[in-house]
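Visitor: Quick one: the structure is below, questions incoming.
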Amino acid sequence: MAAPSPSPKAPNSETPKQQTFEKSSLVGTWKLISQKKAGVSQPVKNYTLTFEKNDNCDNCSLFETFNGVKDRTTYTLLNKSIIMRLSLTDDTHDNEYRIVQIDKKRLVLTFVYLPDETTAGELIFEKK
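Going by this note's numbering, the letters in the sequence shown line up with residues 2 to 129, in that order.
So, in structure tokens, the structure goes:
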């Protein structure tokens, strides 16, 4: 009698591969195309983020442009996260934005709204 063959692994039982990205791919201007709060789409605002060169710096320059008004702030890269404070999401202090996807055309970030830290958010940007 043949030994029973092992059952195939369930699709979710494998560890997903960590997507890597070049830090330089973040540099440039990104236009907001989608914003969600607790899974609900929010009105898309006239908003862009401009990340400046990020070679080994802890506080790299970042510009938010919101309805034509440009504001300078800073960001820090930490593994697959960007630590920054955005007026778009009413951050009261530095917040962690996890990079879900980044390529030549799209940047997808997930985060929690502050100060309650219980409401999930998602921002999707398109490279300008």
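For every residue, glycine included, the Cβ atom is placed at its ideal position computed from N, Cα and C. Predicted model, so just to flag it, every value in this text is computed and none were measured.
#1: Which first and last residues belong to the beta strand (DSSP E) in which Ala121 is found?
#2: Could you pull the DSSP bridge partners for Gly29 from this structure?
#3: Which residue or residues does DSSP assign as beta-bridge partners of Thr111?
#4: Tell me the rounded alpha-carbon separation between Glu97 and Lys129.
#5: May I ask you to report which of helix, strand or coil DSSP gives Lys24?
#6: To which residues of the same chain is Thr30 closer than 6 Å at the C-beta, ignoring the five residues directly before and after it?
#7: Give the secondary structure of Glu118 by DSSP, where H, G and I count as helix, E and B as strand, and everything else as coil.
#8: I need the boundaries of the beta strand (DSSP E) containing Arg73, first residue and last residue.
Guide: Short version:
#1: Residue numbering aside, residue 121 sits at position 120 when the sequence shown is read from its first letter. Per DSSP, Ala121 belongs to the beta strand (DSSP E) from Ala121 to Lys128.
#2: Against the sequence shown, residue 29 aligns to sequence position 28. Bridge partners of Gly29: Phe52.
#3: Locating residue 111 in the sequence shown gives position 110, where the first residue counts as 1. BP columns for Thr111 point to Arg99 and Glu123.
#4: One-based indexing of the sequence shown puts residue 97 at position 96. One-based indexing of the sequence shown puts residue 129 at position 128. Looking at the two C-alpha atoms, the distance is approximately 23 Å.
#5: On the sequence shown, position 23 is the one that residue 24 refers to. DSSP places Lys24 in helix when its eight states are reduced to three.
#6: The sequence position of residue 30 within the sequence shown is 29, counting from 1. Answer for Thr30: Thr49, Thr51 and Lys129, listed in chain order.
#7: Walking along the sequence shown from the start, residue 118 turns up at place 117. Looking at Glu118 - three-state DSSP - the assignment turns out to be coil, as it is neither helix nor strand.
#8: Along the sequence shown, read from residue 1 onward, the residue named residue 73 stands at position 72. Residues Val70 to Leu79.
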